[in-house]
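**Q** Numbering (this note's numbering), first residue to last: 1 to 228.
A virtual CB, placed ideally from N, CA and C, is assigned to each residue, including glycine.
Please find one structure pasted underneath; my questions will follow.
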Ligand SMILES: C[S@@+](CC[C@H](N)C(=O)[O-])C[C@H]1O[C@@H](n2cnc3c(N)ncnc32)[C@H](O)[C@@H]1O
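Shown next as structure tokens:
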């Protein structure tokens, strides 16, 4: 019997948020997430999209070794460009900067983006939350995974109208720290907000960006009901 591919905790968290028919993994590299999606029955079919030749070859090798080439198709290309409209039910982009992920989402052709997106940026997801608000996606799930640094994992669902996740929260703080994470008020988020307050306090002054960021961090502390 073939053994399951092992995922690190951040990709396990992404996997747990998917249950789909056709899934596209953009910037897949080793293709471990699509392999596990097929092995666990959480996807019926996967499309791997990779920009660079080295990772593309690695993905092909890993998929062939696992004997899953009939279920995982590998396409060379940039972002969502190799995908046809309405071809995928869900997509993931993981292990990249939030700004890069937001650019990939913004550049997608109309009709190509699937209704479910699971995104795992390596830094502050604010650019992704802004994109989602402007693009008709609601934030349905957020997690922070402990690792080399806290890895955010976000699930977005296409839905019309304002996202109810943000209602009743200070807007800038919610975009920066995450509406669901603020409500959950977990220790990883609390540590991150405290670190921001300590870093920003000596830099803040009226009119400076650091002051706006400090105000957002202090609003966030109030929401989670803690002090520095
Ligand atoms: C740091 S790796 C992350 C690999 C994997 N997704 C993970 O989370 O472990 C980023 C991968 O995305 C690929 N990549 C970067 N920009 C891309 C783009 N615009 N379209 C497709 N692939 C891209 C890179 O070649 C690289 O293999």
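Please report how far the alpha carbon of residue 152 lies from the alpha carbon of residue 163, in whole angstroms.
**A** 19 Å
**Q** For residue 109 and residue 63, what's the separation of their Cα atoms in angstroms?
**A** 28 Å
**Q** From the DSSP output, in three-state form, read off residue 40 for me.
**A** coil
**Q** If you follow the alpha helix (DSSP H) that residue 180 is part of, which residue opens it and which one closes it?
**A** 179–184
**Q** Label residue 231 either buried or exposed according to how many other C-beta atoms from any shown protein chain fall within 10 Å of its C-beta, with 16 as the threshold for buried.
**A** Nothing about residue 231 can be read from this structure; the chain reaches only from 1 to 228.
**Q** Note down, in chain order, each residue of its chain lying with its Cβ closer than 6 Å to the Cβ of residue 102, except the 5 sequence neighbours on either side.
**A** 127, 128, 131
**Q** Pull up the distance between the alpha-carbon of residue 145 and that of residue 70, whole angstroms please.
**A** 32 Å
**Q** Quick one: residues in its chain with C-beta nearer than 6 Å to the C-beta of residue 155, no 5 flanking neighbours on either side, listed in chain order?
**A** 17, 118, 140, 141
**Q** Quick test of the definition: if touching needs 3 or more C-beta pairs under 8 Å, does the stretch 199–210 touch the stretch 162–179?
**A** No, the stretch 199–210 does not touch the stretch 162–179.
**Q** Hey, residue 23 and residue 89 are a contact pair by Cβ (cut 8 Å); roughly how many whole angstroms apart?
**A** 7 Å
**Q** Classify residue 107 as helix, strand or coil using the three-state DSSP reduction.
**A** coil
**Q** For residue 1, which residues from the same chain have a beta carbon less than 7 Å from its beta carbon, with the 5 sequence-adjacent residues on both sides left out?
**A** With a pLDDT of 48 at residue 1, under the threshold of 50, the modelled position of that residue is not reliable, and no figure is offered here.
**Q** Suppose you measure from the CA of residue 123 to the CA of residue 190; what does that come to, to the nearest Å?
**A** 16 Å
**Q** Is it buried or exposed for residue 203, if we count other Cβ within 10 angstroms and need 16 for buried?
**A** exposed
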